[in-house]
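Novice: Structure below; questions to follow.
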Amino acid sequence: MFRLAHLSDPHLGPLPDTRIRELLSKRVIGYVNWHRSRARSMTATWLDGIVEDIHESAPDHIAVTGDLVNIALDLEISAARHWLDALAPPDLASLVPGNHDAYVPGALRRALHAWSPYMTGDDCHEPAFPFVRRRGPLAIVGVSSARASGPWFATGRVGSRQARAFRETLAKLGDEGAFRVVMIHHPPQRGATGWHKRLTDASRVRAAIKRSGCELVLHGHTHLATRVEIDGPRGPVPVIGVPSASNAPGHKRPAARYNLFSISGSPGNWSCEMEERGYRASTSGDEATVEHLASRHLVIPG
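Number 471 marks the last residue of the sequence shown (our numbering); no jumps.
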């Protein structure tokens, strides 16, 4: 039995002191949005409880699917590295970046440098996507959809070169009999988000999976608990989204949550149980306890 925890979109706060010149870009939109809404709905109180529960659950590995920061200030990026180190050492956690981590041109390069131990494949010395990390029966495949986008946009893109390498990587790992877990920030299924937040070349990701296959896709971005399927060569592949790991109960989006997957079996006969853990919508500050919310059996293509 291999246990994998998945969390996403912590949007670590609060924002550090910001100089005016740092806001002379798309950042000013995110800055205003943070102070109008996210400063109240996304706080360390809820995220700390999620992380504490993950530590108590003691998974074999942790998958983080991006949006660690808000407007990608240098101080945010360095603080996020400290948070990652407190979450788990790099060999026990894997990360892919999100659109907020690439909020403005140049931010993604700085984030990749600061967080590189969590995004580097087993046979590499620096981040390169897709990366592969073998952990027990799992092959964790990290795909980057992070791109700087224009004001009021939160789109992502994989690109033709990464998509081609992704398809070839999945095929090779499938031949080796690995349980392939794909990590990506933006959801690859049709109609998952509004047009301004979509993965612009999601069809490339779906085509790679339909041709080469995988066993499980994990994503963030929507701040919703979702469970859908996309086509694989041997049957539908589960695609799982998770709410923000820092969202307070009682707001528009679901309260902070993470998923815990228990994976066992062998090629062609895999078993995967998913447990949802987090806060209930009615939770208040004086009774903030992470708890079991639901259990689901995922049908893995055989």
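No residue lacks a Cβ here, since even glycine has one placed at the ideal position from N, Cα and C. These numbers were taken from a predicted model, which means no experiment stands behind them.
When you compare each of 218, 397, 244 and 272 to residue 197 by their alpha carbons, which one comes out closest?
Specialist: The candidate whose alpha carbon is nearest that of residue 197 is 272.
Novice: Which same chain residues, not among the five before or five after residue 170, have their C-beta less than 6 angstroms away from its C-beta?
Specialist: Answer for residue 170: 431 and 433, listed in chain order.
Novice: Rounding to the nearest angstrom, what Cα-Cα distance links residue 311 and residue 468 in this structure?
Specialist: If you take the alpha carbons of residue 311 and residue 468, they lie about 22 angstroms apart.
Novice: Measuring CB atoms only, is the stretch 181-194 touching the stretch 242-250, in the sense that at least three cross pairs come out at less than 8 angstroms?
Specialist: Result yes; three or more Cβ-Cβ pairs closer than 8 angstroms.
Novice: Would residue 299 pass as a contact of residue 324 if the rule is Cβ separation under 8 angstroms?
Specialist: No; because the gap between Cβ atoms is not below 8 angstroms, this pair is not in contact.
Novice: Check residue 413 in the structure and name its three-state DSSP category.
Specialist: Note: residue 413 maps to coil in three-state DSSP.
Novice: From the DSSP output, in three-state form, read off residue 298 for me.
Specialist: The answer is coil: DSSP assigns residue 298 none of H, G, I, E or B.
Novice: Between the alpha carbons of residue 192 and residue 319, how many angstroms are there, rounded?
Specialist: Looking at the two C-alpha atoms, the distance is approximately 14 angstroms.
Novice: Excluding the 5 residues flanking residue 252 on each side, which residues of the same chain have their C-beta closer than 8 angstroms to its C-beta?
Specialist: Counting only Cβ-Cβ distances below 8 angstroms, and skipping sequence neighbours, we find 179, 181 and 237.
Novice: Of all the options 419, 394, 348 and 255, which has the alpha carbon lying nearest to the alpha carbon of residue 356?
Specialist: Taking only the C-alpha atoms, the option nearest residue 356 is 394.
Novice: Is there contact here, the stretch 377-386 with the stretch 205-221, by at least three beta-carbon pairs under 8 angstroms?
Specialist: The stretch 377-386, when compared against the stretch 205-221, does not touch it at the 8 angstroms Cβ threshold.
Novice: Does DSSP put residue 472 in a helix, in a strand, or in coil?
Specialist: Residue 472 lies beyond the stretch modelled for the chain, which goes from 170 to 471, so this question has no answer here.
Novice: So residue 287 is in the beta strand (DSSP E); what residue range does that whole segment cover?
Specialist: No beta strand (DSSP E) holds residue 287; DSSP gives it neither H nor E.
Novice: Determine the burial state of residue 441: buried for a count of at least 16 other Cβ atoms within 10 Å of its Cβ, exposed for fewer.
Specialist: That one is buried.
Novice: To the nearest angstrom, report how far apart residue 297 and residue 289 are at their CA atoms.
Specialist: Each residue's alpha carbon lies about 7 angstroms from the other.
Novice: Hey, would you say residue 447 sits closer than 8 angstroms to residue 422, going by beta carbons?
Specialist: Their beta carbons are not under 8 angstroms apart, which means residue 447 does not touch residue 422 by this criterion.
Novice: Quick one: give me the first and last residue of the alpha helix (DSSP H) that residue 200 is part of.
Specialist: Unbroken alpha helix (DSSP H) run through residue 200: 196-202.
Novice: When you compare each of 294, 301, 302 and 264 to residue 284 by their alpha carbons, which one comes out closest?
Specialist: Measuring from the Cα of residue 284, the nearest candidate turns out to be 264.
Novice: Taking Cβ positions only, does residue 405 come closer than 8 angstroms to chain C?
Specialist: Note that chain C does not occur in the displayed structure, where there is just one protein chain.
Novice: Tell me residue 263's beta-bridge partners as DSSP assigns them.
Specialist: 232.
Novice: In this structure, what does DSSP give as the bridge partners for residue 325?
Specialist: DSSP, once it has assigned bridges, lists 368 as partnering residue 325.
Novice: I'd like the ranges of any beta strand (DSSP E) spanning at least 3 consecutive residues and lying wholly in the stretch 412-442.
Specialist: Listed in chain order, the complete beta strand (DSSP E) runs (minimum 3 residues) inside the stretch 412-442 are 426-435.
Novice: Taking the Cβ atom as the reference point for each residue, do residue 235 and residue 354 lie within a distance shorter than 8 angstroms?
Specialist: In contact: residue 235 and residue 354 (Cβ atoms closer than 8 angstroms).
Novice: Just confirm the distance between the C-beta atoms of residue 404 and residue 471, as a whole number of angstroms; I'd bet it's less than 8 angstroms.
Specialist: Contact flag correct, Cβ pair sits at about 7 angstroms.
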